[in-house]
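Colleague:
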């Protein structure tokens, strides 16, 4: 049995598959149309985000038994078509859930305590204490939108700190852990001071956070997105910040990043992104919330185990 690895992965993934009796082929550069013909006999395909695994790509592999993605989401795979062919699509959100939760917490604490701004001021010899007076997280109400593996991990981390946590998930009931309150989206918009998105990117969630979303909040909010960039309409966030509806934002993912997550964009910088980059109350990071040494190891070992289980 053969597995075709289409992206650089983790040694634990490769070791696990090989120990399970699978021969590995590696192809990190060629597009599917240029693959050697023997690649198409593979029973397993593993990818991160190098290119979309469309219906046309899936049909190139008549023997395909499983598709694995070394990551939390499946938005770059035509899951519905794969299922119609009886091909399971596997992911490993549990592998980086703790990493994303900790990164989200770090972004939030930095915003509440003006740490990015204070750091830059100190480097310039500016000492402003009163202007950088912070807010205590425990006195805020945090809303988690999307209570999957990652959203629930962040919610539990906050609850352990004594924070009031409200959670909204359109497709679940009876899911909340101790210290977390299941709520409607409307309740979050009425009660929360902080909102964190943890949704998969689908046609339903694309630009979920738009003008209507931000205008519905009763209180000014801090806004976090460590899920997928196109869940947020960046121009809507800019408008909400200019109106004072959003008082701080932490974005690990951006609407404009390439689908491969390897870079931002080509050509002229979007005006909305340029505006965010110039704000003291905005913290940005390059899609690394779930990217730690430990999470990479857990995802590699976990995906290998899941693939072997299916086979």
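Numbering (our numbering), first residue to last: -8 to 302. Cβ atoms here follow ideal geometry from the backbone N, Cα and C, with glycine treated the same way.
Can you list, in chain order, the residues of its chain whose CB lies under 8 Å from that of residue 102, leaving out five sequence neighbours each side?
Modeller: 213, 239, 240, 241, 272 and 274
Colleague: Taking the beta strand (DSSP E) that residue 322 falls in, what are its first and last residues?
Modeller: The requested residue 322 does not occur in the structure, where the chain is confined to residues -8 to 302.
Colleague: Give the C-beta separation of residue 244 and residue 218 to the nearest angstrom, bearing in mind that I take them to be a contact with Cβ-Cβ under 8 Å.
Modeller: With 8 Å as the limit, residue 244 and residue 218 qualify as a contact, their Cβ atoms being about 6 Å apart.
Colleague: Rounded to a whole number of angstroms, what is the C-alpha to C-alpha distance between residue 189 and residue 16?
Modeller: 34 Å
Colleague: What do you reckon, are the CB atoms on residue 281 and residue 0 nearer than 8 Å?
Modeller: No, these two residues do not count as a Cβ contact at 8 Å.
Colleague: Rounded to whole angstroms, how far is the Cβ of residue 59 from the Cβ of residue 37, which I believe are closer than 8 Å?
Modeller: Correct: roughly 5 Å between the Cβ atoms.
Colleague: Who are the near neighbours of residue 51 in its chain, counting only those whose CB is closer than 8 Å to its CB and skipping five residues on each side?
Modeller: Its chain contains 23, 26 and 31 as the residues whose beta carbon lies nearer than 8 Å to that of residue 51, once the 5 sequence neighbours on both sides are disregarded; these appear in chain order.
Colleague: Which residue or residues does DSSP assign as beta-bridge partners of residue 159?
Modeller: According to DSSP, residue 159 bridges with 136.
Colleague: Which residues bound the alpha helix (DSSP H) around residue 303?
Modeller: Nothing in the structure corresponds to residue 303, since the chain is present only between -8 and 302.
Colleague: Just the C-alpha distance for residue 172 and residue 69, rounded to the nearest angstrom, thanks.
Modeller: Cα to Cα, residue 172 sits roughly 34 Å from residue 69.
Colleague: Checking the sheet assignment: what are the DSSP bridge partners for residue -6?
Modeller: 15 and 35
Colleague: Is the number of C-beta pairs between the segment 123 to 134 and the segment 94 to 112 that are closer than 8 Å three or more?
Modeller: yes
Colleague: Is residue 200 helix, strand or coil when you go by DSSP?
Modeller: strand
Colleague: Tell me where the alpha helix (DSSP H) around residue 276 begins and ends.
Modeller: From DSSP, residue 276 is part of no alpha helix (DSSP H); its letter is neither H nor E.
Colleague: Between 225, 279 and 234, which lies nearest to residue 260 when the distance is taken from Cα to Cα?
Modeller: 225
Colleague: Flag this pair as yes or no: are the beta carbons of residue 141 and residue 159 separated by less than 8 Å?
Modeller: Contact flag unset, no.
Colleague: DSSP three-state call for residue 26: helix, strand or coil?
Modeller: coil
Colleague: Tell me which same chain residues have a C-beta within less than 7 Å of the C-beta of residue 287, skipping the five on either side of it?
Modeller: Sequence-distant Cβ neighbours of residue 287 in its own chain, meaning closer than 7 Å and more than five residues away, are 1.
Colleague: With a 10 Å radius around its C-beta and 16 neighbouring C-beta atoms as the bar for buried, classify residue 180 as buried or exposed.
Modeller: buried
Colleague: Assuming residue 19 contacts residue 46 (C-beta within less than 8 Å), just tell me the rounded distance between them.
Modeller: So it is not a contact: roughly 23 Å between Cβ atoms.
Colleague: Going by beta carbon distance, what residues of the same chain come within less than 6 Å of residue 56, once the five residues before and after it are set aside?
Modeller: 34
Colleague: Report the residue ranges of all alpha helix (DSSP H) runs contained in full by the segment 46 to 101; include only those spanning at least 4 residues, in chain order.
Modeller: Complete alpha helix (DSSP H) runs here, min 4: 46 to 49 and 70 to 75.
Colleague: Hey, quick one: how far does the alpha helix (DSSP H) through residue 3 stretch, first residue to last?
Modeller: That run of the alpha helix (DSSP H) goes 2 to 10.
Colleague: Between 209, 152 and 235, which has its C-alpha nearest residue 129's C-alpha?
Modeller: 152
Colleague: Find out if the Cβ-Cβ distance for the pair residue 221, residue 246 is shorter than 8 Å.
Modeller: yes
Colleague: Mark residue 82 as exposed unless 16 or more other C-beta atoms lie within 10 angstroms of its C-beta, in which case mark it buried.
Modeller: buried
Colleague: Note down the Cα distance separating residue 177 from residue 184, rounded to an integer number of angstroms.
Modeller: 13 Å
Colleague: Output needed for residue 61: all residues of its chain with C-beta closer than 8 Å, excluding positions within five of it in sequence on either side, in chain order.
Modeller: -2, 0, 1, 4, 37, 38, 39, 83, 290, 291 and 294
Colleague: What does the Cβ neighbour count give for residue 98, buried or exposed, with the cut at 16 atoms within 10 Å?
Modeller: It counts as buried.
Colleague: Would you report the Cα separation of residue 157 and residue 235, rounded to the nearest angstrom?
Modeller: Cα-Cα distance, rounded: 23 Å.
Colleague: Could you tell me the boundaries of the beta strand (DSSP E) in which residue 190 lies?
Modeller: Where residue 190 is concerned, there is no enclosing beta strand (DSSP E), given that its DSSP letter is neither H nor E.
Colleague: Alpha carbon to alpha carbon, how far is residue -7 from residue 14? Give it in angstroms, no decimals.
Modeller: 5 Å
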